[in-house]
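In UniProt numbering, the protein residues as written are 1 to 102.
This report refers to the structure that appears directly beneath it.
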């Protein structure tokens with residue numbers, strides 16, 4: 001692209017980019033990602049901190065996990081989630097900074 005020629009995006013890349021923006025287009029998913037920005041939390045911790053029901057949190061985490069935006073690890077019966085994509089987290093942080101800039 002730097003030499004002046006245009007290179008079209010392939011269908012898979014277009015789909016993944018649009019799904020990433022879809023993920024960032026939902027207020028609940030933004031809240032979850034923002035919460036996971038610096039700390040690993042269980043579904044129940046996320047639900048409690050965001051005042052959401054666990055079923056909704058689980059559903060949103062599944063969507064985010066399928067896009068590889070969050071990862072998880074199991075400790076006994078508890079599953080802990082954390083962010084899994086520095087690029088998307090930077091986009092999210094820049095968007096927050098943009099929204100709060102006066």
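Beta carbons: idealized from backbone N, C-alpha and C, even for Gly.
Name the DSSP beta bridge partners of residue i, please?
| i | result |
| --- | --- |
| residue 73 | 80 |
Starting from the C-beta of residue i, find all residues in its chain whose C-beta is less than 7 Å away, skip the five residues before and the five after it, and write them out in chain order.
| i | result |
| --- | --- |
| residue 20 | 67, 88 |
| residue 101 | none |
Pick from the options: whose alpha carbon is nearest that of residue i?
| i | options | result |
| --- | --- | --- |
| residue 28 | 36, 40, 60 | 60 |
| residue 70 | 39, 81, 95 | 81 |
| residue 26 | 3, 92, 76 | 92 |
| residue 75 | 100, 47, 40 | 40 |
| residue 85 | 15, 34, 9 | 34 |
| residue 48 | 97, 37, 32 | 32 |
| residue 38 | 83, 15, 77 | 83 |
Cutting at 6 Å between CB atoms, please list the residues of its own chain near residue i, excluding the five before and the five after it.
| i | result |
| --- | --- |
| residue 43 | 54, 57, 58 |
Only counting the same chain, and skipping five residues up and downstream in sequence, which positions put a Cβ closer than 8 Å to that of residue i?
| i | result |
| --- | --- |
| residue 63 | 23, 29 |
In angstroms with no decimal places, state the Cα-to-Cα distance between residue i and residue j.
| i | j | result |
| --- | --- | --- |
| residue 73 | residue 5 | 44 Å |
| residue 10 | residue 79 | 35 Å |
| residue 36 | residue 99 | 19 Å |
TODO: Only counting runs of 4 or more residues, tell me where the alpha helix (DSSP H) segments fall wholly within the UniProt domain "HTH arsR-type" (9-102), in order along the chain.
DONE: 11-24, 27-36, 43-50, 54-66, 86-100
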